[in-house]
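Since the structure comes first, as structure tokens, the remarks are kept for the end.
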Amino acid sequence: MSDDGPVLIFDSGIGGLTVLREARMLMPERRFVYIADNAAFPYGDWQEEALLDHLLRLFAQLLEEIRPACVIIACNTAFTLAGAALRERFPETDFVGTVPAIKPAAERTASGLISVLATPVTVKRDYTKGLIESFATHCHARLVGSRYLAALAEDYICGIAVADSALWAEIAPCFVEEESRRTDIVVLACTHYPFLANRFRKLAPWPVDWLNPAEAIAMQAKRVLGSSTAAADGGPNHDFVIFTGENLRPETVRLMQGFGLKIAARRAG
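Set out below in structure tokens:
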């Protein structure tokens, strides 16, 4: 870890921009490097052992090249699978993880009915079930695995039209009615999903709290960094993005420009 290095934000695609947005507001003096592992997107298509090996090899390269002050893994799937292994393999690096916000949802719910909207891989993981057993045994927590929502979010935030019917098909199972009670909180357990939150609100059959973890993740990174020396010349004009895949849509390039991210010439992976 390098105290004066940038903050590395990692995601399988561009959903982690939700975290970058919050991190910039909390730490405007910092430099950020955003890694989009688009060559491997979506992670849900991978076998767990192969994905774990891929992440360990990729981070060995990224940490050597970038020497970050800390790493934010802005991906529930990646962190719940590889977080412990990454911390063991690279003990000198501070990793800030992303996990489903089940604990705060369980603390806030009035009806006792919460839903966790995630990728199928995150839904199946023992880590997620362990969070429910630890913090939400007094609730009915419905796990909703969406196969297509992350890709739909990637399209949407790049300005590509996404039909209401496609979104509703993915979020409809989140809404549960039991006698006089209704789901009142939906945990957005994928960093892609908050970009669609306004669309979700319009489609919802009744109001719910869509729980976005991005601010909490950024706040934890700020705590981890503490009073260490911030990198000079921070700010969007000095931040850059690395894509692990070569094929970038024009819409993606424009989105990166809108976020003030320079696309690095080299590729990771």
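The number in this note's numbering is simply the position in the sequence shown, starting from 1, with 4 added.
Ideal placement from N, C-alpha and C gives every residue a C-beta, glycine not left out.
None of these values were measured; they are calculated from a predicted model.
- Counting of Cβ neighbours within 10 angstroms places residue 243 among the buried residues, the total reaching 16 or more.
- Beyond the five residues adjoining it in sequence on each side, residue 228 comes within less than 7 angstroms, by CB distance, of 74, 98 and 100 in the same chain, given in chain order.
- With fewer than 16 other Cβ atoms inside 10 Å of its own Cβ, residue 211 counts as exposed.
- Of all alpha-carbon atoms in 196, 121, 163 and 144, the one lying nearest the alpha-carbon of residue 79 is that of 196.
- Per the coordinates, the alpha-carbon of residue 42 lies some 35 angstroms from the alpha-carbon of residue 111.
- By the C-beta density criterion, residue 158 is buried, having at least 16 other C-beta atoms within 10 angstroms.
- Residue range 52–70 is occupied by the alpha helix (DSSP H) that includes residue 64.
- Within the same chain, and ignoring the five residues on either side of residue 145 in sequence, the residues whose Cβ sits closer than 7 angstroms to its Cβ are 106, 118, 120 and 136.
- One thing to note: residue 13 has its Cβ no nearer than 7 angstroms to the Cβ of residue 19.
- Its chain contains 113, 114, 115, 117, 212 and 213 as the residues whose beta carbon lies nearer than 7 angstroms to that of residue 188, once the 5 sequence neighbours on both sides are disregarded; these appear in chain order.
- In its chain, beyond the 5 residues on either side, 218, 219 and 222 have a beta carbon closer than 6 angstroms to the beta carbon of residue 26.
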